[in-house]
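Quick note on the numbering used here: the sequence shown kicks off at 1 and runs consecutively.
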Amino acid sequence: MATVTHGEPLVLSSRIAERQQRGELTSQRVAEFERFLREVDRDLLHHRIVVDNAFTRWFREGTATDAELRHFVRQFSVFSNQFLVAALLRVINAPTLQQARAAKEILMNELGVIYRREGRGGGSPRDLSEEAKDREGDPELVSTEGTVDGGTFRFRAAHLEWLLAVAEDLGLGFNEIGKRRHGRPSTLHFCDELQRLYGNEDAQVAEGASFAVENWAAAGFWQDLEDGLLKIKRDRHPHLRIAFFTWHNRVEAQHAGHTMEELEEVYFRDDFDADKFFQGGQEVLDAIAVFWDGLDGDRASGRLF
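Here is the structure:
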């Protein structure tokens with residue numbers, strides 16, 4: 001599965017090799033795809049905000065004040081909640097049933113449908129301490145693998161409700177997070193660009209944006225956030241509930257894997273447009289950079305609310 005790896009280029013998956021062996025792909029087409037992957041690696045996976053995020057690099061040190069932490073959680077909640085609109089547009093504008101279903105996996109899980117592993121029900125109960133549940137995710141509410149098809153819906157499994165748990169521990173209530181009115185201009189720019197690009201009616205633009213978003217999410221920023229929050233929890237807020245961040249750190253590789261499979265399918269279609277793919281990917285990464293740079297600028301200037 002080809003996803004972001006630090007310092008290592010994308011490589012062909014076994015799926016491509018098998019298609020070539022079956023005679024579905026010629027050696028020339030495979031070589032063209034390899035060149036395309038090198039461009040993806042250079043232009044998308046090594047975008048500045050993927051490899052050098054100043055805000056998360058600072059955040060992982062665990063030195064954020066309570067005011068800085070509240071500001072971060074509030075802005076992140078706006079992005080997280082508004083992402084639902086972009087995810088729904090992605091479903092609506094999907095060009096194939098398979099891609100619509102892949103988009104629904106993400107949307108429905110965001111809303112509270114638990115991934116179901118094959119042969120199991122919605123959760124996988126285990127005897128975990130409350131601390132372990134917060135670190136790994138409550139098995140009654142989360143799973144990092146499987147499908148939402150046949151999964152169980154629970155209100156408390158909705159991602160915004162997990163983020164609300166963090167917010168409440170910092171003194172923020174439900175009506176103080178997640179709404180557009182809580183977003184800084186840089187945050188709202190990111191949200192609007194997600195809707196325009198990730199949910200674009202042009203499948204080629206949307207595919208590029210989706211690939212970039214999911215691989216950005218798998219590239220390490222969640223680990224930075226988890227590292228910082230674990231230090232804050234250890235040093236200042238022992239009861240801080242951070243499952244929203246620890247769970248996302250574990251699940252994003254699955255999302256990135258789905259986008260790589262999609263890319264392998266769409267690239268070999270006659271109507272694939274590489275220019276539009278790169279347009280969607282580069283423009284959404286630029287918008288992601290605006291979001292994180294905005295947070296870093298707010299932190300440096302003390303412009304917190």
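All C-beta atoms, glycine included, are put in the ideal place defined by N, C-alpha and C.
Model, not experiment: these values are computed from the prediction.
Per-residue DSSP class, three states only, for Thr187: The answer is helix: DSSP assigns Thr187 an H, G or I state.
Backbone CA spacing between Phe305 and Leu69 [nearest angstrom]: Going from the Cα of Phe305 to the Cα of Leu69 covers about 11 Å.
Reduced DSSP category for Val148 - H, G, I as helix; E, B as strand; rest coil: The answer is coil: DSSP assigns Val148 none of H, G, I, E or B.
Helix, strand or coil at Arg60 according to DSSP, with G and I counted as helix: Arg60: coil per DSSP, three-state reduction.
Identity of the residues DSSP links to Arg116 by a beta bridge: BP columns for Arg116 point to Thr147.
Closest residue to Arg60 among Gly228, Arg180, Gln204 and Leu172 (Cα-Cα distance): Proximity to Arg60 across Gly228, Arg180, Gln204 and Leu172 peaks at Gly228, based on C-alpha coordinates.
Neighbour flag for Met108 against chain C, beta carbons, 8 Å: Among the protein chains of the structure shown there is no chain C, as only one such chain exists.
CB contact flag (Gly178, Val78, <8 Å): At a Cβ-Cβ threshold of 8 Å, Gly178 and Val78 count as neighbours.
Reduced DSSP category for Arg135 - H, G, I as helix; E, B as strand; rest coil: Note on Arg135: pLDDT 47, under 50, position unreliable in the model; no value is reported.
Simplified DSSP state of Phe278, which is helix, strand or coil: Correct three-state label for Phe278: helix.
At least three beta-carbon pairs within less than 8 Å, the stretch 271–282 to the stretch 106–116: No contact exists between the stretch 271–282 and the stretch 106–116.
Phe83, enclosing alpha helix (DSSP H) - first and last residue: Per DSSP, Phe83 is one residue of the alpha helix (DSSP H) stretching across Asp66 to Ile92.
Distance cut-off 7 Å: Phe221 Cβ against heavy atoms of the ligand PLP: Ligands in the displayed structure: none, and consequently the ligand PLP is not present.
Assigned exposure category for Asn200 - 16 Cβ within 10 Å defines buried: Residue environment: Asn200 is assigned as buried (16 or more neighbouring CB atoms within 10 Å of its CB, all protein chains considered).
Arg154 - containing alpha helix (DSSP H), residue span: Going by DSSP, Arg154 is part of no alpha helix (DSSP H) at all; its letter is neither H nor E.
With 16 other Cβ atoms within 10 Å as the buried cut-off, status of Arg241: By the 10 Å Cβ count, Arg241 comes out buried.
CB-CB length for Ala212 against Leu263, believed under 8 Å: Wrong, their Cβ atoms sit about 11 Å apart, outside the cutoff.
Element boundaries [alpha helix (DSSP H), containing His159]: Taken as a continuous stretch (DSSP letters only), the alpha helix (DSSP H) holding His159 covers His159 to Asp169.
Val50: first and last residue of the uninterrupted alpha helix (DSSP H) it sits in: For Val50, the enclosing alpha helix (DSSP H) has its first and last residue at Arg48 to Val51.
Val11, DSSP secondary structure in three states: DSSP places Val11 in the coil class of the three-state scheme, outside both helix and strand.
Beta-carbon gap between Ala217 and Pro95 smaller than 8 Å: With respect to Pro95, Ala217 sits apart: the two C-beta atoms are not nearer than 8 Å.
Test item: CB-CB of Tyr115 and Val148 under 8 Å: Yes, the Cβ-Cβ distance between Tyr115 and Val148 is below 8 Å.
Element boundaries [alpha helix (DSSP H), containing Glu214]: Going by DSSP, Glu214 is part of the alpha helix (DSSP H) stretching over Ala203 to Ala217.
Coil, strand or helix - Leu240 by DSSP: DSSP places Leu240 in coil when its eight states are reduced to three.
Where the alpha helix (DSSP H) containing Asp227 begins and where it ends: First-last of the alpha helix (DSSP H) with Asp227: Phe221 to Asp235.
DSSP state of Arg22 mapped onto helix, strand, coil: Collapsing the DSSP output to three states places Arg22 in coil.
Alpha-carbon to alpha-carbon, Leu225 and Gln28: Each residue's Cα considered, the two are about 43 Å apart.
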